[in-house]
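First the structure, in the form of structure tokens, and then the observations on it.
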Amino acid sequence: MTKQIYKPRPITGFPEWLPEVRLIEQRWMDHIRRVFESYGFCSIETPSVEEIDVLRAKGEVDKEIYVIERLHKDENDNGESRLALHFDQTVPLARYVAQHFNELDFPFKRYQMQKVWRGERPQAGRFREFYQCDIDVIGVDNVPLHFDSELAAIMVDILRGLNIGPFQMQISNRKILMGLCAGLGIEDPAPITRAVDKIEKIGETETKKLLIESGLNDDKATIILKFATIKTQDSSFVEQVLALGVSHETLAQGLAELASVMNQLTHIEKGFVLADLSIVRGLDYYTGTVYETKLLENTDFGSICSGGRYDDLAGSYINKHLPGVGISIGLSRLFEYMRINNKLEIGAKCPTDILVCLPSEDKRDEAAQTARQLRERGFNVELYHTYQKIKKQMAYAEKKAIPFVWFPPFEDGQPHEIKNMQTGEQTSADPQTWEK
RNA sequence: GCGACCGUAGCUCAGCGGUAGAGCCCUCGGUUGUGGUCCGAGUGGUCGUGGGUUCGAACCCCAUCGGUCGCCCCA
1 MTKQIYKPRP
11 ITGFPEWLPE
21 VRLIEQRWMD
31 HIRRVFESYG
41 FCSIETPSVE
51 EIDVLRAKGE
61 VDKEIYVIER
71 LHKDENDNGE
81 SRLALHFDQT
91 VPLARYVAQH
101 FNELDFPFKR
111 YQMQKVWRGE
121 RPQAGRFREF
131 YQCDIDVIGV
141 DNVPLHFDSE
151 LAAIMVDILR
161 GLNIGPFQMQ
171 ISNRKILMGL
181 CAGLGIEDPA
191 PITRAVDKIE
201 KIGETETKKL
211 LIESGLNDDK
221 ATIILKFATI
231 KTQDSSFVEQ
241 VLALGVSHET
251 LAQGLAELAS
261 VMNQLTHIEK
271 GFVLADLSIV
281 RGLDYYTGTV
291 YETKLLENTD
301 FGSICSGGRY
311 DDLAGSYINK
321 HLPGVGISIG
331 LSRLFEYMRI
341 NNKLEIGAKC
351 PTDILVCLPS
361 EDKRDEAAQT
371 ARQLRERGFN
381 VELYHTYQKI
391 KKQMAYAEKK
401 AIPFVWFPPF
411 EDGQPHEIKN
421 MQTGEQTSAD
431 PQTWEK
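Under the working numbering, the residues of the first sequence are numbered 1 to 436, in order.
Next comes the structure, spelled out in structure tokens:
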């Protein structure tokens, strides 16, 4: 009789980590949470599923959405196949705010760290199930522009603390390009924004080709191209845009807003934030400030932290005008980049500080007692429950990279001992007073 | 959804027409109460799957499934 084995394969796009990697991911999340809370953001968690109609209210993203249904559907179950996994946290937030409008305090500042699902082709840094860490500020009728700069500062703060190497956040304002297009008499700005957005990736020549293909004459294409290459560390982009000789009310408004945001970010060390007018972002609900963040050693990897301002978040779900601004860290993407490039400092495979070893069968009580005493004093302590040669017990600690091994007395009357696995040093110690 | 490349042990790969290999990992051993190094032994694969060509296929051909990378889109 041979046992039937179903050989499992990893499901691409749905990552899972070994304990030593997961441990670091948890540390990252702790860090992110701490910074969010330090700015007074509160946490919410929404269900993994939303009604399909809720998810669809914002636009055409149908092919990305995973629908859920029971394997065995009853005849009268039809109405229930209306559920699907959320593909971001902004839409669930909008629904949440609409639903709890009367119980929330505005401006509503919340953070949310959950998994989201997208039915896309997985690639490096692109998953079908991944974590996002969002913060958003929602106001009734308006949200001060100061939040736009504060959100940028928060994210720079977080990313610097994660030790991810050089990065840069690029900020722009959609009104600038929209106003520029309007000022140039361009009726459909969509293909223009798409071309501008690609300049970093495909270069100026290719971008210009795209612009011409979209129906622009050479003069207009040249203006747009010139515009798309403007990058400044302060608000001096304003003069450069004005020098293009196009004027429009929306353009002026966008310039004023972005200048204001940049001026409020001068406290950040130079280089972390850049006004980059080629940033527009595809998502159609952004109407003002837009953010993107790239790792400078590999800008092709994609944005690791992006977001923007929207005029009306929840208009599809409630009859109120609720503008907001939000930004999200692509935790899984960023983490994966660090992991595959061996930049995570992989350490212990468990949170254990001390392994208490079992000297012999008849010393179980003493060993357990020792473990309890150490645990009460705040250490993470594992007890080796199977009596095996000390050699085996040590090898276990070694494999899991547990930093200390505790030896309760082998014979009555002897002292306890503790061994530092890194230095190999072993000394006698008292479970009530020992310190690392 | 479209295009290019790739599927041999848990992992990284060699073999490219004549009966499945290496390194790492894992397990055990190298005697009394102590890990890492070293030495020895062992477990593990119907060579992604199905068909075809051949005396004979991991190897050649076709199909299929899976993976990787681009495009689209995005964290």
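Each residue gets a CB set at the ideal place from its N, CA and C atoms; glycine is no exception.
Count the other C-beta atoms from every protein chain shown that fall within 10 angstroms of the C-beta of residue i, then say buried if there are 16 or more, exposed otherwise.
i: K109; result: buried
i: H146; result: exposed
i: F410; result: exposed
i: D218; result: exposed
i: T2; result: With a pLDDT of only 44 at T2, under the threshold of 50, the placement of this residue in the model should not be trusted; the figure read from the coordinates follows. Looking at its Cβ environment, which holds fewer than 16 other Cβ atoms inside 10 Å, T2 is exposed.
i: P8; result: exposed
i: R194; result: exposed
i: I11; result: exposed
i: S247; result: exposed
i: E382; result: buried
i: L296; result: exposed
i: A152; result: buried
i: D481; result: Nothing about residue 481 can be read from this structure; the chain reaches only from 1 to 436.
Do you know offhand how far residue i's Cα is from residue j's?
i: I418; j: T386; result: 19 Å
i: T427; j: H416; result: 8 Å
i: W406; j: N298; result: 45 Å
i: A275; j: A256; result: 13 Å
i: M421; j: M394; result: 9 Å
i: S260; j: V241; result: 15 Å
i: P351; j: R364; result: 23 Å
i: L374; j: I279; result: 54 Å
i: G165; j: W28; result: 15 Å
i: R372; j: G330; result: 40 Å
i: A367; j: G347; result: 26 Å
i: F335; j: E25; result: 7 Å
i: I140; j: L322; result: According to the sequence shown, residue 140 is Val rather than Ile. One C-alpha to the other measures close to 5 Å.
i: D234; j: T90; result: 29 Å
i: F272; j: V325; result: 20 Å
i: F130; j: I68; result: 17 Å
i: G308; j: P144; result: 14 Å
i: E398; j: T370; result: 20 Å
i: A98; j: N142; result: 16 Å
i: F379; j: A429; result: 15 Å
i: G282; j: S43; result: 27 Å
i: R22; j: N163; result: 17 Å
Could you check what DSSP says for residue i in three-state terms: helix, strand or coil?
i: I202; result: helix
i: E120; result: coil
i: E366; result: helix
i: L358; result: coil
i: H267; result: coil
i: E297; result: coil
i: F83; result: In the sequence as displayed, the identity of residue 83 is Leu instead of Phe. Of the three classes helix, strand and coil, the one that applies to L83 here is strand, per DSSP.
i: T430; result: Inspection of the sequence shows that residue 430 is occupied by Asp rather than by Thr. D430 falls in the coil class under three-state DSSP.
i: T289; result: strand
i: H321; result: coil
i: I192; result: helix
i: I418; result: strand
i: V143; result: coil
i: L274; result: strand
i: W17; result: coil
i: G161; result: helix
i: C181; result: helix
i: R281; result: coil
i: G254; result: helix
State the CB to CB distance for the pair residue i and residue j, rounded to an integer number of angstroms; the pair is presumed to be in contact (CB under 8 Å).
i: I138; j: P107; result: 6 Å
i: S306; j: Y285; result: Not a contact, Cβ separation roughly 13 Å.
i: A228; j: I199; result: 5 Å
i: F41; j: Y96; result: That belief does not hold up - the Cβ atoms of F41 and Y96 are roughly 14 Å apart, past 8 Å.
i: Y384; j: A57; result: At roughly 56 Å, the Cβ-Cβ gap does not stay under 8 Å, so Y384 and A57 are not in contact.
i: Q132; j: V116; result: 5 Å
i: T293; j: M169; result: 4 Å
i: E20; j: K349; result: 4 Å
i: G119; j: Y66; result: 6 Å
Taking the Cβ atom as the reference point for each residue, do residue i and residue j lie within a distance shorter than 8 Å?
i: K175; j: Q253; result: yes
i: G125; j: F14; result: no
i: R82; j: E103; result: no
i: P408; j: D353; result: no
i: T289; j: D148; result: yes
i: G179; j: T250; result: yes
i: V49; j: L85; result: yes
i: H31; j: I158; result: yes
i: I171; j: L258; result: yes
i: S332; j: F127; result: yes
i: I230; j: L277; result: yes
Just to confirm, does residue i get its C-beta within under 7 Å of one of the non-hydrogen atoms of the ligand ATP?
i: I11; result: Among the components of this structure there are no ligands whatsoever, and the ligand ATP is therefore not found.
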